[in-house]
Structures are given as structure tokens and as C-alpha cells.
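A.B. asks: Those protein sequence lines, which keep their order, are chains A and L. With my numbering, letter number 68 in the first sequence gets 68, and the count goes up by one each step, no holes. Just remember that my numbering sits 1000 ahead of the position in the second sequence, which is counted from 1. Just so you know, even glycine gets a beta-carbon here, dropped at the ideal spot from N, CA and C. The following block contains the structure, expressed as C-alpha cells.
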Amino acid sequence: KQEVTQIPAALSVPEGENLVLNCSFTDSAIYNLQWFRQDPGKGLTSLLLIQSSQREQTSGRLNASLDKSSGRSTLYIAASQPGDSATYLCAASGNTGKLIFGQGTTLQVKP
Amino acid sequence: GAGVSQSPSNKVTEKGKDVELRCDPISGHTALYWYRQSLGQGLEFLIYFQGNSAPDKSGLPSDRFSAERTGGSVSTLTIQRTQQEDSAVYLCASSGMNLGYGYTFGSGTRLTVV
């Protein structure tokens, strides 16, 4: 049974810092891994999707890496801004597309 | 449509009543998923549709919960005899045939059972 864990649960940083959010999963037979952002009271916004055959994906200041053998993914946020404050969720998918989510990391970027 | 549409956005119902939640996926997306997010909890898988069939309904919490999808498009999640523990945000997502397309989530329906 796939389990996804995110560390840390919460993170507070000053504006401008580079930061890393961690995600680990127990079953390496994943189809893809996706990072989402959730703002309070809102739905989920997809940030990056990494196929199982890929090692990383980049979008602007965001970079996500995937190491299937060790069951880990990281989300790197460069030059953080107050607008990056949100909860970040990672989710691992099997071949049916069913997503197993971590509990999320709540990020606060202070001006 | 351009995105996944869910209705209603908010629903307050009395304990014991039935409710129907609706999801309109992105046109052409064959896969549709329902998830539930309770206060302070993570996202919990409920059911997955491929076309009109549901090969995985393992996350439905009880037989009070059911879902259907018609025409390979709109899906409704029905909760019968609602209980207070059903209060949560119900999220719908859709994905193209190639799962590499990723998932697009709707904004959710916030259900409050009083």
C-alpha cells in the first residue's frame, strides 16, 4: 500500500530564501509524481508533474526532482516571495491515476 | 469547458438529508476522480471513473456514498442520510487518457452537515 510522507509539516522563512520541500513514498512503482499548491479555502493548483521515467521538471522558480529508487521527491523554490505562502502537496500516482497524497507542507514566507 | 467545474460551491444540509454533488470534467478527459478533504486532514481518495465505469471505488466510506458518471462526462456524488462526519470539502479531478497529462482539480464543494 502506497504511503506518502512530507517533511516538514510547516516552514516559515524570510523573503528571498531558497528552500526545499521533501516528499517520500513507500512504493517505488509509481506512474508519476505531482506537486500541487493549495491556498486556504481553495482547490488544488498543479505545479509540476514528473513522469516515472524523468528525473526533474522545472517551471520558473520551481524545480522538482524525482528519485524512484530511494522513494523521494523534492520541490525546490528559489528566491521565495510572500505570494508563495500556501500549502504544498505531493501526490504519487499508480497506473490507474489514483493519487495518494502526503499531508502537505504549509509554507509561510515573511516579507 | 476550460476547467473542472463543481457545483454547488457550498452546501449546508441538515443531518439525515440526502445531497448530490456535481462535477463537470474537462471536455475529452476520460478519467475522473473524487477526493475528500476533511478539516485538518489530508486528501482522501473516494472513487475513480474511466469513462462511465468505476474500476476503483475502494475509498467510498460507507454504503451511504455512491457515484455515477454518464456520457463519459458529468459525474454526481450522492451522500444519503448525511452525518456530521460527512462535513468536508469534496474535490473532483479529471485527467486525459494519457495520465502524463496530469490532473486538473475543481474548486470543490464545501459540505456542512448541521
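Checking contacts by CB at 7 Å: is Ser59 (chain A) closer than that to chain L?
C.D. replies: Not one chain L Cβ lies under 7 Å of Ser59 (chain A).
A.B. asks: Using a Cβ-Cβ cut-off of 7 Å, state whether Gly1106 (chain L) counts as contacting chain C.
C.D. replies: Here chain C cannot be found, since the structure's protein chains are A and L.
A.B. asks: Locate the beta strand (DSSP E) running through Pro1055 (chain L), then write down its first and last residues.
C.D. replies: Pro1055 (chain L) -> beta strand (DSSP E) spans 1053–1056.
A.B. asks: Throw me the rounded Cβ distance for the Ser115 (chain A) and Leu62 (chain A) pair, which I believe falls under 8 Å.
C.D. replies: What is shown of chain A runs 1 to 111, which leaves residue 115 (chain A) out entirely.
A.B. asks: Decide yes or no for the touch test of the segment 1073–1093 of chain L against the segment 1020–1038 of chain L: beta carbon pairs closer than 8 Å, at least 3 of them.
C.D. replies: Counting Cβ pairs under 8 Å, three or more are found: they touch.
A.B. asks: Thinking C-alpha only, which one of L:Gln1083, L:Glu1068, L:Ser1075, L:Val1074 is nearest Ser1062 (chain L)?
C.D. replies: It is L:Gln1083 whose Cα lies nearest to the Cα of Ser1062 (chain L).
A.B. asks: Assign Ile77 (chain A) to buried or exposed, taking buried as 16 or more other Cβ atoms, counted over all protein chains shown, within 10 Å of its Cβ.
C.D. replies: Burial call: buried.
A.B. asks: Any idea which residues DSSP pairs Pro14 (chain A) with across the strands?
C.D. replies: Paired residue(s): A:Lys110.
A.B. asks: Return helix, strand or coil for Gln57 (chain A), following the three-state DSSP convention.
C.D. replies: Three-state result, Gln57 (chain A): strand.
A.B. asks: Going by the CB atoms, is the gap between Thr1112 (chain L) and Ser1087 (chain L) shorter than 7 Å?
C.D. replies: A contact, by the Cβ cut-off of 7 Å.
A.B. asks: Of all Cβ atoms in chain A, is any one closer than 7 Å to the Cβ of Thr1031 (chain L)?
C.D. replies: Contrary to the premise, residue 1031 (chain L) reads as Ala rather than Thr in this sequence. Yes, because at least one Cβ of chain A sits closer than 7 Å to the Cβ of Ala1031 (chain L).
A.B. asks: Look up Gln1006 (chain L) in the DSSP assignment and say whether it is helix, strand or coil.
C.D. replies: In this structure, Gln1006 (chain L) counts as strand in the three-state DSSP scheme.
A.B. asks: With distances taken Cα to Cα, identify the nearest neighbour of Ala64 (chain A) among A:Asp39, A:Ser70, A:Leu48.
C.D. replies: Closest option to Ala64 (chain A), Cα to Cα, is A:Leu48.
A.B. asks: Is it the case that the Cβ atoms of Gln51 (chain A) and Leu44 (chain A) are separated by a distance below 7 Å?
C.D. replies: Result no, Cβ atoms of Gln51 (chain A) and Leu44 (chain A) do not sit closer than 7 Å.
A.B. asks: Quick one: any contact between the segment 90–103 of chain A and the segment 1008–1020 of chain L, if contact means 3 or more CB pairs under 8 Å?
C.D. replies: Touching, no, given that fewer than three Cβ pairs across the two stretches are closer than 8 Å.
A.B. asks: Could you please give the first and the last residue of the uninterrupted beta strand (DSSP E) stretch that includes Ser1062 (chain L)?
C.D. replies: Unbroken run through Ser1062 (chain L): none, as it is neither H nor E.
A.B. asks: If you drop the 5 nearest sequence neighbours on each side, which residues of the same chain put their C-beta closer than 8 Å to that of Tyr1103 (chain L)?
C.D. replies: Once the five neighbours on either side are set aside, the close Cβ partners of Tyr1103 (chain L) are Tyr1033, Ala1093, Ser1094, Ser1095.
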